[in-house]
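Q:
Laid out in structure tokens, this is it:
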């Protein structure tokens, strides 16, 4: 794949805003392992090789097990995830595939059973942020380094 425009140098002010948002997400009081699972799942759905590579590595550095990471694509069938993680992964899929799901009430209810209203908003902001990064990386063909 041929890299396209370097979005960091092409629009520094826009990327400063993205970095500020990412910094805010990193300070949210949600479990770091849960956030990495969400970032990984959204990136898988969006086909973002750069973000899949980065967030898999970040998750492992944070103590996540390879076995759980390998199972994220099949989280519904895998017994390795808590109910809270399952709710977060469900909500990630609902918001990442919004044009298909329209974030149904059933998904919202599952998330609401596991997260406070503030946590639901924080989780949604984290999902929105990784989706924004995915769109930049995929759109401009940013790839992982060997």
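Numbering (UniProt numbering), first residue to last: 1 to 146.
Note that CB positions come from ideal geometry on N, CA and C, so glycine has one too.
What you are looking at is a predicted structure, and each value in this text was computed from that prediction instead of being measured.
With respect to the alpha helix (DSSP H) encompassing residue 37, which residues constitute its N-terminal and C-terminal limits?
A: Taken as a continuous stretch (DSSP letters only), the alpha helix (DSSP H) holding residue 37 covers 32-46.
Q: State the DSSP-derived secondary structure class of residue 66, mapped to helix, strand or coil.
A: helix
Q: Please report how far the alpha carbon of residue 26 lies from the alpha carbon of residue 45, in whole angstroms.
A: 22 Å
Q: CB residue 34 to CB residue 85, shorter than 7 Å?
A: In this structure, residue 34 places its C-beta atom within 7 Å of the C-beta atom of residue 85.
Q: Nearest by alpha-carbon distance to residue 48: which of 114, 79, 96 and 107 is it?
A: 96
Q: Only counting the same chain, and skipping five residues up and downstream in sequence, which positions put a Cβ closer than 6 Å to that of residue 80?
A: Counting only Cβ-Cβ distances below 6 Å, and skipping sequence neighbours, we find 68 and 71.
Q: Where does residue 114 fall in DSSP's three states?
A: helix
Q: Start and end of the alpha helix (DSSP H) containing residue 50?
A: 49-61
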